[in-house]
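Presented below is the structure to which this report refers.
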Amino acid sequence: MDETQTSGDEVIFPGCSSSEEIRTRAQLGVYEVSMRQPLKFNSENTQPGLSHEVLNAFRLNLMKKVECLYEGTSTRGNLTLLNEIYTELYITESETGEISNEHEVRQIETQSRRGATEDTQIKCNDIFRPLPGQDKPIRTVLTKGVAGIGKTVSVQKFILDWAEGKKNQDVQLIFPLPFREINLMKDKTLSLSDLLNIFFPETQEMKISCDEYKVLFIFDGVDECRLSLDFKSEVKLCNISESASVDVLLMNLIVGNLLPSALIWITSRPAAADLIPSEFVHRVTEVRGFSESQKEEYFRKRISDQSLANRIISHLKSSRSLYIMCHIPVFCWISAAVLEKMLSQAESGEIPKTLTQMYTHFLILQTNIKHEKDYENNVTDEDMILKLGKLAFQQLVKGNLIFYEEDLRECGIDVTEASVYSGLCNQIFREELGLYQGKVFCFVHLSLQEHLAALYVHLSFTNNNINVFDQTKQSLLSKIFNLKKYNSLSDLHQRAVDEALQSNNGHLDPFLRFFLGLSVKSNQTLIQKLLTQTGSCSYNKMETVEYIKQKIRKNRSAEKSINLFHCLNELGDDSLMQEIQHYLKSGEMKKGELSSSQFSVLVYVLLTSEQKMDVFDLKQFIGKQHRAEEVLHNLLPVVKESRSIQLCECNLTAQSCASLSSALQSSNSNILRELDLSNNDLKDSGVKLLSDGLKSPNCQLEILR
1 MDETQTSGDE VIFPGCSSSE EIRTRAQLGV YEVSMRQPLK FNSENTQPGL SHEVLNAFRL
61 NLMKKVECLY EGTSTRGNLT LLNEIYTELY ITESETGEIS NEHEVRQIET QSRRGATEDT
121 QIKCNDIFRP LPGQDKPIRT VLTKGVAGIG KTVSVQKFIL DWAEGKKNQD VQLIFPLPFR
181 EINLMKDKTL SLSDLLNIFF PETQEMKISC DEYKVLFIFD GVDECRLSLD FKSEVKLCNI
241 SESASVDVLL MNLIVGNLLP SALIWITSRP AAADLIPSEF VHRVTEVRGF SESQKEEYFR
301 KRISDQSLAN RIISHLKSSR SLYIMCHIPV FCWISAAVLE KMLSQAESGE IPKTLTQMYT
361 HFLILQTNIK HEKDYENNVT DEDMILKLGK LAFQQLVKGN LIFYEEDLRE CGIDVTEASV
421 YSGLCNQIFR EELGLYQGKV FCFVHLSLQE HLAALYVHLS FTNNNINVFD QTKQSLLSKI
481 FNLKKYNSLS DLHQRAVDEA LQSNNGHLDP FLRFFLGLSV KSNQTLIQKL LTQTGSCSYN
541 KMETVEYIKQ KIRKNRSAEK SINLFHCLNE LGDDSLMQEI QHYLKSGEMK KGELSSSQFS
601 VLVYVLLTSE QKMDVFDLKQ FIGKQHRAEE VLHNLLPVVK ESRSIQLCEC NLTAQSCASL
661 SSALQSSNSN ILRELDLSNN DLKDSGVKLL SDGLKSPNCQ LEILR
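Shown next as structure tokens:
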């Protein structure tokens with residue numbers, strides 16, 4: 001996602017002198033496709049009332065809307081041609097569209113440890129095509145994925161390939177209707193025909209009936225929906241000319257009362273996946289983001305200097321917590337923006353190794369872009385950061401990622417100056433003018449919102465001794481924080497830890513990591529680059545560290561403890577890591593029995609340790625209470641990332657070979673070079689399972705005993 005930019009609105013790309021030239025080039029491109037393939041508008045798929053001219057105009061207008069990625073605002077942001085930067089995402093068929101109560105960062109960590117062979121992969125352009133052995137037609141597809149994982153960009157690429165005449169030419173019309181824009185019409189009464197005419201004026205020349213065209217409706221971001229989608233409603237619409245409220249229209253379209261032959265594609269974050277009842281969904285897919293190889297591919301496309309790209313990749317790999325986050329395309333973009341500047345210039349300061357450092361550097365980078373552009377306004381950096389932080393915090397508590405004019409006004413943001421705010425934080429907060437031309441506001445990614453929310457809470461306390469949790473009357477936080485007296489930042493940290501642990505879905509986990517990380521001295525220095533006036537308060541970091549370590553020792557839940565390990569990493573404390581590593585080296589682990597949750601924590605520690613094991617010796621982990629198969633299965637994520645696996649004389653059976661075969665076939669198995677299976681009675685069945693893994697093109701094994 002290119003940052004090449006000149007002053008004002010002019011944007012330069014290789015071979016393009018301005019954003020206008022980009023549009024001209026795209027228009028020429030569609031005419032070239034039209035001459036080469038006639039845009040597939042032949043007698044077989046052209047219906048009465050749908051002329052070449054109307055279809056050409058419709059496709060060209062859609063192409064203009066999706067051909068570029070907008071970073072920052074749609075008016076001042078950087079334009080990047082989608083086809084130049086697009087990296088194919090890892091998309092799989094999922095069993096269900098059920099709600100996930102696990103926080104999205106933990107879902108990314110889990111996904112990063114899954115083998116690529118465990119699920120059925122589907123290309124974005126094939127999501128409506130049955131897989132081999134599937135014979136039922138697919139009308140409605142639900143695609144789920146965490147924030148910033150690439151759902152919207154996948155939709156954009158699907159539409160662009162169709163508009164250019166490359167893919168899915170059996171579909172004659174595509175109507176993208178993002179929920180963030182439909183929300184603006186929630187109080188209106190319209191027919192489906194009226195709705196389409198508003199978003200797509202070309203449809204006024206079309207007469208769409210039930211079976212006349214093969215049509216695809218795309219509803220992007222159901223998790224952002226502020227309509228009351230009642231699928232139990234008895235209001236039934238069968239004619240696109242019938243008027244009703246917008247939520248009733250959408251419900252009837254999704255269930256198939258309106259245009260039953262139309263294809264429906266819905267995207268959602270996992271936390272809202274069950275808003276669409278499963279009986280109306282024929283396929284569920286999941287966007288997993290970037291695989292290990294796709295991460296590197298992105299940076300090599302994004303950074304023209306390949307030597308610099310290699311240095312960025314190496315640095316990110318050196319911090320496991322950062323590299324795991326690179327599964328999220330938006331995080332890759334943030335990391336590239338920060339590290340490209342820091343590693344290509346002789347800048348002083350520590351290269352970011354934690355999330356808090358990375359995001360604080362990114363905020364500084366964006367405010368510097370504002371100064372370079374010299375926007376004329378009366379808003380100081382302090383005012384802007386605090387107002388956006390207040391908005392971020394209040395909406396985070398409510399669970400909102402999309403905001404409207406009334407939300408901004410509540411935080412003292414002048415709506416008429418919203419575009420200026422967007423300019424100040426060019427690629428953090430943006431204003432969008434969509435198909436409906438209504439104003440929608442959002443942070444570029446949930447993690448940016450969480451970071452600004454944490455910064456707002458931190459500054460409110462350190463600068464003004466104000467506990468903003470007291471002001472959040474109906475929030476999840478108010479139960480603990482309300483009416484509580486805080487004498488030091490350490491007290492506030494401890495209460496924040498307690499609140500995060502009480503959250504069932506990890507709602508405050510990344511916020512907590514940022515909130516604690518901002519208290520570290522190096523991050524305090526960075527904050528002083530943002531603000532001309534910063535306060536101080538009583539703080540003892542070791543009190544916070546010891547409190548977290550107590551919680552880890554008492555907590556039996558691996559999921560809860562993992563975020564606390566992340567918090568210690570943000571605070572720069574690795575004492576507990578060293579304790580656990582000493583525990584491993586001493587051999588004391590063999591004397592006790594680990595629960596499955598403790599195994600999960602052990603996996604996390606082994607994978608994120610600075611001294612990650614190059615050699616995995618199973619005997620270190622087999623105690624009196626554990627069988628080899630059980631230990632091997634629980635520690636398989638570590639096995640997949642080891643160069644040498646020592647399994648000799650471990651009484652392994654065929655069941656163990658199934659786990660090993662899975663490891664050998666995984667996408668990152670090229671790390672493994674040596675496997676010692678000597679003195680185990682594997683039987684013929686075990687050897688056959690193992691041979692399947694050895695045949696995998698991913699297997700780069702050099703030594704097998």
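The sequence shown runs 1 to 705 under the UniProt record's numbering.
All C-beta atoms, glycine included, are put in the ideal place defined by N, C-alpha and C.
Next item on the list: Determine, using beta carbons only, whether Q646 and D617 come nearer to each other than 8 Å.
Entry: Yes, the pair counts as a contact, with Cβ atoms nearer than the cut-off.
Checklist line | Environment of G72 [buried if 16+ CB atoms lie within 10 Å] | finding: Residue confidence for G72 is low, a pLDDT of 43 falling below 50, so the modelled location carries little weight; the figure read from the coordinates is stated next. When all chains shown are included, G72 counts as buried.
Item checked: Beta-carbon gap between H566 and R513 smaller than 8 Å -> Contact flag set, yes.
Check: Expressed to the nearest angstrom, what Euclidean distance is found between the alpha-carbon atoms of G686 and K640?
Finding: Separation of G686 and K640 (C-alpha to C-alpha, rounded to the nearest whole angstrom) is 19 Å.
Check: Going along the chain, which residues of its own chain have a beta-carbon closer than 6 Å to the beta-carbon of E296, five neighbours each way excluded?
Finding: Close CB contacts of E296 within its chain, under the 6 Å cut and outside five residues either way in sequence, are with I313 (chain order).
Notebook entry, point to check: What three-state label does DSSP hand I622 in the structure shown?
Noted result: In the displayed model, I622 falls within coil according to three-state DSSP, outside both helix and strand.
Note to self: Tell me the DSSP secondary structure of F200 in three-state form.
What the structure shows: Correct three-state label for F200: coil.
Check: If we ignore side chains and look at the alpha-carbon of each, how far apart do E181 and A337 end up?
Finding: Taking the straight line from one Cα to the other gives about 29 Å.
Next item on the list: Answer yes or no: do A515 and H445 have a C-beta to C-beta separation smaller than 8 Å?
Entry: Reading off the sequence shown, one finds Phe at residue 515, where the question assumed Ala. No, these two residues do not count as a Cβ contact at 8 Å.
Notebook entry, point to check: Along the chain, where does the beta strand (DSSP E) that runs through K166 open and close?
Noted result: Here K166 belongs to no beta strand (DSSP E), and DSSP marks it neither H nor E.
Next item on the list: Check whether the Cβ of L606 sits closer than 7 Å to any heavy atom of the ligand ADP, and report yes or no.
Entry: Among the components of this structure there are no ligands whatsoever, and the ligand ADP is therefore not found.
Notebook entry, point to check: If you drop the 5 nearest sequence neighbours on each side, which residues of the same chain put their C-beta closer than 8 Å to that of E702?
Noted result: The beta carbon of E702 is closer than 8 Å to those of R673 and E674 in its chain, skipping five residues each way along the sequence.
Notebook entry, point to check: Around the C-beta of D509, are 16 or more other C-beta atoms found within 10 angstroms, so that it is buried, or is it exposed?
Noted result: D509 is buried by the Cβ-count criterion.
Next item on the list: Could you tell me the distance, in whole angstroms, from the CA atom of L195 to the CA atom of L259?
Entry: The C-alpha of L259 is placed about 14 Å away from the C-alpha of L195.
Check: Would the beta-carbon of V287 fall within 8 Å of that of K151?
Finding: Contact: yes.
Notebook entry, point to check: According to DSSP, which residues form a beta bridge with E286?
Noted result: Beta-bridge pairing links E286 to T92 and K144.
Notebook entry, point to check: Can you tell which of I562, Q357 and L253 has the C-alpha that lies nearest to the C-alpha of F217?
Noted result: Taking only the C-alpha atoms, the option nearest F217 is L253.
Checklist line | Nonlocal neighbours in the same chain, by C-beta distance under 7 Å from E279, ignoring five residues either side | finding: Excluding residues within five positions, none has a Cβ falling inside 7 Å.
Note to self: Please classify M342 as buried or exposed, where buried requires at least 16 other C-beta atoms within 10 Å of its C-beta.
What the structure shows: Buried, because 16 or more other Cβ atoms sit within 10 Å of the Cβ of M342.
Item checked: the segment 235-243 in contact with the segment 150-165 per 3-pair CB rule at 8 Å -> Segments in contact, no.
Next item on the list: With DSSP as the reference, label V235 as helix, strand or coil.
Entry: Residue state for V235 is assigned as coil, using DSSP reduced to three classes.
Check: Should K521 and I364 be called a contact, given that it needs their Cβ atoms to be closer than 8 Å?
Finding: Taking the C-beta atoms as reference points, I364 is found no nearer than 8 Å to K521.
Note to self: Please return the same chain residues whose Cβ sits closer than 8 Å to the Cβ of N523, not counting the five positions on each side in sequence.
What the structure shows: Hits under 8 Å: T356, Q357, T360 and G517.
Next item on the list: List the residues that DSSP assigns as beta-bridge partners of L675.
Entry: Answer is I645 and L704, bridged to L675.
Check: Are the segment 302-318 and the segment 260-275 touching, with three or more C-beta to C-beta distances below 8 Å?
Finding: The segment 302-318 vs the segment 260-275: no contact.
Margin query: One question on the structure: do A392 and L452 come within less than 8 Å of each other, judged by their Cβ atoms?
Written below: Closer than 8 Å, so yes.
Checklist line | Residue from F128, K398, V415 and N400 with nearest C-alpha to E406 | finding: Among F128, K398, V415 and N400, the Cα nearest to that of E406 belongs to V415.
Checklist line | Where the alpha helix (DSSP H) containing I324 begins and where it ends | finding: Secondary structure note for I324: its alpha helix (DSSP H) is the uninterrupted segment R320 to M325.
Next item on the list: Can you give me the Cβ contacts of S659 inside the same chain, cut-off strictly under 7 Å, excluding the 5 residues immediately before and after it?
Entry: These residues qualify, in order along the chain: L632, H633 and L636.
Margin query: Given a cut-off of 8 Å on the beta-carbon distance, is the pair K551 and L576 in contact?
Written below: With respect to the 8 Å criterion, K551 and L576 are not classified as neighbours on the basis of their beta carbons.
Margin query: Please list the terminal residues of the continuous beta strand (DSSP E) segment that includes D617.
Written below: It spans V615 to D617 - the beta strand (DSSP E) in which D617 sits, taken as one unbroken run.
Next item on the list: List the DSSP bridge partners of C68.
Entry: According to DSSP, which records beta bridges pairwise, C68 is partnered with L81.
Margin query: At the level of alpha carbons, what is the spacing between R283 and E224?
Written below: One C-alpha to the other measures close to 21 Å.
Item checked: Cα-Cα separation, R627 to N680 -> Between R627 and N680, the C-alpha separation is close to 14 Å.
Note to self: So, for S319: in the same chain, excluding its five sequence neighbours on each side, which residues have a beta-carbon less than 8 Å away from its beta-carbon?
What the structure shows: Same-chain partners within the cutoff: K353 and T354.
Check: What do you get for F13, buried or exposed, if any count of 16 or more other CB atoms within 10 angstroms of its CB means buried?
Finding: With a pLDDT of only 23 at F13, under 50, the local geometry of the prediction cannot be trusted, and the value read off the model is given with reservation. Residue burial annotation: F13 is buried, with at least 16 other C-beta atoms found within 10 angstroms of its C-beta.
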